[in-house]
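Residue numbers (the working numbering), protein chains in the order written: chain A, 1 to 252; chain B, 1001 to 1305; chain C, 2001 to 2313; chain D, 3001 to 3389.
In this text, a Cβ means the ideal position worked out from N, Cα and C, and glycines have one as well.
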Amino acid sequence: MAEPILATRGLIKRFGGLVATDQIDLDVAAGSVHALIGPNGAGKTTLIGQLSGEIRPDSGSIRLEGRDITAAPVHKRCRLGLARSFQITSIFPDFTARENVAMAVQSRLGHSFRFWRRAKSDPARTGPADALLAEVGLEDRGNMPAAALSHGEHRQLEIAMALATAPRLLLLDEPMAGMGVEESVRMVETLQRLKGRISILLVEHDMDAVFALADRITVLVYGRAIATGTPAEIRANQEVRAAYLGADEEEG
Amino acid sequence: MLLLIEQSLNGLQFGLLLFLLAAGLTLVFGIMDLVNLAHGSLYMMGAYFAATFITWTDSFVLGAVLALGAAFLLGVAIELVAVRTLYARDHLDHVLATFGLLLFFNELVRLVWGPAGRTIQLPGILNTSVELLPGLSYPTYRLVVILVGGLVAFGLYWLVARTRTGMRIRAGASDREMVGALGIDIRKLYTLVFGLGAVLAALAGIMAAPITTVSIGMGERILIVAFVVIVIGGIGSIRGAFVAALMVGMIDTVGRAFLPEILRGFMSVPAANTLAPALASMLVYILMALILFLRPQGLFPARSG
Amino acid sequence: MRVTPRLVVYGLFMLALAMVPTLAQVLAEPFLVTLFTRMIILAVAAVSLNLILGYGGMVSFGHAVYLGIGGYTVGILAEHGTTNGFVQWPLAIGISALYATVVGAICLRTRGVYFIMITLAFAQLVYFVGVGLYAYGGDDGLTIYTRSDFAGLIRMSHKPSFYYLCFAILCIEILIIHRIVHSRFGLVIRASKSNDRRANAIGIPTFRYRLAAFVIAGSFCGLAGAMLATQADYISPAVMHWTRSGDLIVSVVLGGMGSLFGPAVGTIVFLLLEEVLSSLTEYWQLVFGPMLLLLVLFAKRGIDGLLPGGDRG
Amino acid sequence: MNTRLLATAMAFALAAVPAAAQQKVKIGFLNTATGPQAAIGQDFRRSADLAVEHLGGKMGDLAIEMIYEDDGFKPDVGKQKTEKMIESDKVNFLTGYLWSNILLASYKPAIDSETYIISANAGPSQIAGEQCSPYFFSTSWQNDQTPMAMGEVLNQKGVKKLYVIAPNYPAGRDMVAGVKRTYKGEVIGEDMTKWPDQLDFAAELSKAKAAKADAIFTFFPGAHGVQFITQYAQAGLKDTVPLYTTYTIDALSLPLIKDLALGIPGTQFWVNDLPNEANKKFVGDFKKKYGTYPSFYGAQAYDAIMLIDSAVRAVKGDLKNKAAIGAALKKAEFNSVRGSYKYGNNNFPIQNFYLQTVVKDAEGMLTLKNEGAVLKDHQDTYAAKCPMK
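Given below as C-alpha cells:
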C-alpha cells in the first residue's frame, strides 16, 4: 500500500481519569473514504479534535502525507491540506453564503495582509467561491446571509468552505446530523462526487450513508479502535456486532 | 521579624477583604456569565447603609446586619429591574449597562447622603489593639476582619461544595439546560445568587468602612483590584478567588512595605524613593499580566471553552 | 457605495463639521471651534477603537491608554526642546504601535471577559506609570509650552487651522478604516469576530491579523493622543483613567459598532449630551447612567441602527 | 449662558449673540462639583457665594455675574471649561481652581488670552517659579510653605526622629520636601503611598511603629486624611507616637474624624478664629448660613472674590484697563480673612503661618484653634526662580 494520507500512532488523550483516546493507530489510505463509527461517548469527536489540531494529544503522533503535524496549529494543518467540517454547524453567520466560501478561498490564496483593495468584488475570491457553491448545489443562495440558510444548506455550505481550501483530506464530523431524508441523500451525492478526488475521514451515525460511502471503517468504543476493515468485514465482525451494531440491528 | 509578621497580617486582612468582594463577583460571573462593573456600587451601598443604620440603631452589629439585609434587597431589586435582561447579552453589553449602573449609584449616593462621605465609629472595644506577641500589638478590628473573612470563606466553600443550594449553583455554572431539566427554577436561582453576591459585596464594604471610611467612588478603586483577583484565580472559581485574593493582598502589602528597602539595596536612595511607590502600585497588575501570559485562563479555570 | 438615506445623513453631518469654524465666526462664538476640536480628536480615538471593537469584536477596556502614550510622547519631546511635529507625531504613533504590539501579543491570547479585564489591567499599569513620571509632572501632568511645528506648513496655534487639521485627520482615518474593513485583511478581522474557530479551521491564523488590527487601532489612537495633547497644550495621566476607556466604548456603541461614521457621530453626541445634561443638573449622571442601560437594551446598534437605509458594510 | 451656547452648538441655530454690554463684571469660577472631591467644591462655592452676598452683588458700580463651571476633577475638562469661560462667556476674571493639575492644564489659555486668573487653592511650584505670570495671582499659598512651618514646629517640640508618610503625587512630594527644608532632626523613614487609590495605610503605620519614631509627619488631604487618622488611632499609635499634619485636618474632615482628631497639631496660613474683623464676619456668617465652620478652601475662595472686588473698585469699573487691574491686584488692598498680606514677585502671598490644634468650641462642635504664628511674612522658595521682579 502506498503511504497513507493520514496516519496516527499511539495517540492518547486523557481527561482527568477518563481515557478518551486510547492508543489509536489509524491509517487513512490516500483517495479513500474512511469512516469512523462508534456509539456515543466513544471518543470520536475527541479524536477529530486532535486530528484537526484543536486538542493536543497527551502522547502519540499524527502524520499527514508523511509529515509530522502533531504539534501544528489548526490553520497550519489546513494549509497542509487538512480541512474539516464541524459537528455543530460552524459558519460565519454575519456573512453571505458566497462570502463564507470566499473567505476560505482567500485563505488558500495566501496571506491576508492586504489592506487597501476592495475584496468583496475581487474575482480571485468570488470566482472559485461561486464555482464551489454550484458544486454543492447552493448556486442560487450566494447573496443570502448565511444565517438565513436552512440546516441542510448550512452543511452543504460547510463542505464548500472545506473544499475551498483545496484539501487533500476532509474531516467530516457528522455531516448528516439533524438532516431530513432528502437532504441526506443530497449530501451523500455530494460526497460521492468527491470520492476518489479527495480523501475523506467521515464520522457519521447514519449507517446507510456510511456503508454506501466508506471504503474502510474503523469502529471506536470507549476510546479504543476495536476493529478496522472493509464494510463487509465490519459487518461480519462479532465484536463489533456485540458492542455496537447488534443493538442497532435489533432495533432496526 | 515582628514587622514581617505584622505586615503579613496586614496582607492577610487586605486579602480577605478582597476575597469577600471577589467571591460575589466570581460567583455571579461563574453562574450567570455576567460581568458586573456595578459590583463596586454594592460594596459602596453596603457601607452607606451601614453608616446610616449604625447611626439609627446606635449598635455596630445590629446596623451591619440591617445593612446586609438592605443590600440583599437592593441586589434582588437590581437583578429584577436591570440585570435580568442582560443575561442573554454579550459581555460588552454587560460592561456598558453596569457601567451605567455604576454612574447612577455614585450620583444617587451624592444626592441622598451628600458629597462629604461618612465615617463609621467602632464600638470602643474594637477601637483598640491587642498584644499578640510581646512587642507585637495589632488593631483589634483588623483581627475581626480576618476572622470574619476567614469564616465567610469557609462558609462559602461549605455552601458551594456541600449543600443542596450549592449543588444547584454548581449545576447552573456547568450546564444551564440541565438545571432547567432538573426542575430548578433558574430565574429564582439567579436572583438569589445575585442577591448573595450583593450581600458579600456589602459585607466587604461594611468591613472596610471603619478602616477606609465611606465615600463616593470607594467601590471603583477596589473593584479593579477585585477584577484582577478573579482573573488571576480563574473566573468563576471560588477557590481561585480565595487563593488569588490572598496572593494579591500579600504582594500588595508586602511590596509596599519592603520594596523601598529592597530597591535601596542596589540603587541610590532618591532613585529608590521615586521608583518604589510607582513600582508598588503596579505590582498586582504585573502579577496579573504574568499569570495570564502563562495561563490565559487563570490559576483555576472553572469553565473550559 | 450606494447612496442611502443613511449616507446622506452622514454626509450632512460631515458637512456640518466642516462648517464649524465658519459658523463660529458668524455667531461670534469662537469657543465652538475649541469645543469641536476636542470632540473631533476624541472621535478619531473612537473611530480607531471601532476597528477592533466594532469590526473585530475585541472589547478593549484600555484604549484610552494610547491617548496618554501619544500625548506624553509629544509632551516629553517638547519638554526636551524637540517641537518638530514631523518627529513628534510619527513617534507618538510609533510608540503606540510598539506598545500595542507587546500588549496585544499578551492580551489576544485570552478571550472574552479575560480580554476585557487584561486590557483594563494593562491600562491601569500604564496609568500608574504616568502617575509615577515624576520628572514630567506625575499626577500634575505636563504643560506643553511650545506647540508642535510642522515646518510652518500649518499654523498650529491658529484655532480654525488646527481644527481643519484635526478634521482632515478624521476624514483620512475614516477613509483608511473604510478601505481596511473592506479589504482582505478587514474581512479576516470580521470573520474572526463572527466565528474565530471557523476562521482558523479554513486555514487563517487569525491571531496575527487580530494583533495587526490591534496595532493599527492603537496607532490611530496614539495619533489622537498627540492631537489631544497639542490641543490642550497639556497632558496628564487623567486621560488614561479607566473611565476614559469606558467613555470611548460608550461613544462607539452609542454611534453604532461596526459602522463607518457611527463612532464619530457617537462621540459628538455623547459629548454634547454630557454638556447639555451637566448644564441642566449637577446630578446629570443620575440620568446618564440609566440612559446607557436603555441604549444597551433597546438600541444595540446605536444611532447608526436608527438611521434608515440598507445594511451596514 | 451655558445652555445658550449649547443650543447654538447643537442646532447650529442662527441666533445672533448680542455683544455683551459691559455693565457687569463677569467672574468665571472653576470648581469641582461632581465626583469624589465634590465636598471640597461645595465649601469652595459656598464661600464664594457668601463673598458675593457680602458685597451686595456688586463690585463698585458693576453688578457681579458669577459663572460656575464644573471640572469633574478632570484636567482636560477643566481646561475646556476655562476656554469656554474665556471665549464664550468672555469673563473678566477667572478664579476657583482647586487642583494643581487642573490649574496647570488651564493656565496657558488664561495667560495667553490675558485674562486674570486668581487661583483660590492650587499653587504648583512651576507657576510659583519659572512659569510665573503677571496675569496670575494666588490667594492661597505655595505647597512648600505650610510644611516648612511644620518643620519649625517639630524643631520647637524637640522631635529628634521623624517618620514621614505622604501620598506619591506632586503635592505629597512637595510637602515632604517642604518639611525637610526646615526640620533639623533625622528623618528615619519615608513612605510614599499610592495615590489616589490607596486607602489602607496599615503597612506604613506598622513600619512607623517598628521604627520607633518620636513623631509622624503626614499630609493627606480630603477623605484620605480621615482614613489615615482613623487608622492611626486604631493602630494604637495615638498615645505613643504623636502625629503632625498639614492639610489633613480641616473643617471638612473634622466632622468625619470626630474626637480622634483632638489634640493633633497642624499648620495653616489661616485659622477660623483669627482675630480680625473680616474673618469674624466671614466665619460668623458662614456658620449662620450653613451650620458648619468654613474650611481654609472657603477662606481662600472668599478672599479671591474680595481681591477681585478691590481691583475692580480701584480701576473704577474700567475693566478694559488691564494694566491698572494688575497693579491693583498686586497691592492686595483688601481686608483678607487672614489679616493683611503682600504679594511677592511671583504673585503668591507673603504671609504668616500659624500652628493650629483641634479643640471643642462652646457648643461642643469640633474646630481648629490658633496657637500662634510659626512663620511670619513668609515667602515661598520658588519666588527666586520667577523672572518677574
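Problem - Contact belief for D/Phe3269 with D/Gln3351 at Cβ below 8 Å, rounded distance in angstroms - result: 5 Å
Problem - For C/His2241, the first and last residue of its enclosing alpha helix (DSSP H) - result: Unbroken run through C/His2241: none, as it is neither H nor E.
Exercise for the section: For C/Gly2057, I'd like the list of residues in its chain whose CB is within less than 6 Å of its CB, leaving aside the five on either flank, ordered along the chain. Expected result: Lys2193
Handout entry: Own chain residues within Cβ distance below 8 Å of B/Leu1122, not counting five before or after
Key = Phe1060, Tyr1141, Pro1210
Exercise for the section: Would you kindly check if the distance between the Cβ of A/Leu171 and the Cβ of A/Leu201 is under 8 Å? Expected result: yes
Practice task
Please determine, among A/Met103, A/Arg67, A/Phe86, A/Ala148, the residue with the shortest C-alpha to C-alpha distance to C/Gly2203.
Solution key: A/Met103
Problem - Inter-residue Cα distance where the pair is D/Trp3141 and C/Gly2255 - result: 46 Å
Handout entry: Pair within 8 Å by beta-carbon distance, B/Leu1111 and C/Tyr2283
Key = yes
Practice task
List the residues that DSSP assigns as beta-bridge partners of A/Asp68.
Solution key: A/Arg63
Exercise for the section: Please report the Cβ distance between D/Thr3115 and D/Met3175, rounded to the nearest whole angstrom; I am assuming they are in contact, meaning their Cβ atoms lie under 8 Å. Expected result: About 30 Å separates the two Cβ atoms, so there is no contact after all.
Practice task
Return the residues of the region 142-171 of chain A that lie within a Cβ-Cβ distance of less than 8 Å from chain C, sorted by chain order.
Solution key: Met161, Ala162, Ala164, Thr165
Exercise for the section: Quick one: using the 10 Å Cβ neighbour count with 16 as the cut-off for buried, is A/Gly17 buried or exposed? Expected result: exposed
Exercise for the section: Kindly confirm or deny that the region 3147-3164 of chain D and the region 3173-3189 of chain D touch, where touching means at least three C-beta pairs closer than 8 Å. Expected result: yes
Problem - Interface partners of A/Ala119 on chain C, CB under 9 Å - result: His2182, Ser2183, Arg2184, Phe2185, Gly2186, Leu2187
Handout entry: D/Ala3021 versus D/Met3066 - alpha carbon distance
Key = With a pLDDT of 47 at D/Ala3021, under the threshold of 50, the predicted position of this residue should be treated as unreliable, and no value is reported.
Exercise for the section: Note down, one range per segment and in chain order, each beta strand (DSSP E) of at least 3 residues found wholly within the region 3135-3179 of chain D. Expected result: 3136-3138, 3161-3167
Handout entry: Alpha carbon of A/Thr96 to alpha carbon of C/Val2065, nearest angstrom
Key = 36 Å
Practice task
Return helix, strand or coil for C/Asp2247, following the three-state DSSP convention.
Solution key: helix
Problem - Contact with chain C by D/Pro3075, beta-carbon distance below 8 Å - result: yes
Exercise for the section: Answer yes or no: the CB of A/Glu139 versus the heavy atoms of the ligand FMN, is any distance below 7 Å? Expected result: Questions concerning the ligand FMN fall outside what the structure shown contains, since it holds no ligand whatsoever.
Exercise for the section: Using a Cβ cut-off of 8 Å (strictly closer), state whether D/Lys3287 contacts chain B. Expected result: no
Problem - CB of C/Ile2303 within 8 Å of CB of C/Gly2266, strictly - result: yes
Exercise for the section: Entirely within the region 3193-3267 of chain D and at least 3 residues each: give me those beta strand (DSSP E) ranges in chain order. Expected result: 3215-3218, 3243-3246
Exercise for the section: Flag D/Ser3047 as yes if its beta-carbon sits less than 8 Å from any beta-carbon of chain B, otherwise no. Expected result: no
Handout entry: Three CB pairs or more closer than 8 Å across the region 1098-1118 of chain B and the region 2284-2291 of chain C
Key = yes
Handout entry: Three-state class that DSSP yields for C/Arg2155 in the structure shown
Key = coil
Problem - the region 1009-1024 of chain B in contact with the region 1232-1245 of chain B per 3-pair CB rule at 8 Å - result: yes
Handout entry: 8 Å Cβ shell around A/Ser90 - same chain, five flanking residues per side excluded
Key = Glu158
Handout entry: Where the beta strand (DSSP E) through D/Val3359 begins and ends
Key = 3349-3360
Handout entry: Separation of C/Gln2088 from B/Asp1093, as counted between CA atoms
Key = 37 Å
Exercise for the section: Give a yes or no on whether the C-beta atoms belonging to C/Pro2308 and C/Arg2109 are separated by under 8 Å. Expected result: no
Exercise for the section: Check whether the Cβ atoms of C/Gly2318 and D/Leu3104 sit closer than 8 Å, and answer yes or no. Expected result: Only positions 2001 to 2313 of chain C appear in this structure, which leaves residue 2318 of chain C out of reach.
Exercise for the section: Provide the residue span of the alpha helix (DSSP H) that contains D/Asp3049, from first to last. Expected result: 3038-3054
Handout entry: C-alpha distance - D/Phe3353 paired with D/Lys3209, whole-angstrom precision
Key = 30 Å
Practice task
Evaluate B/Met1288 with the Cβ neighbour count: other Cβ atoms within 10 Å of its Cβ, from every protein chain shown; 16 or more gives buried, anything less gives exposed.
Solution key: buried
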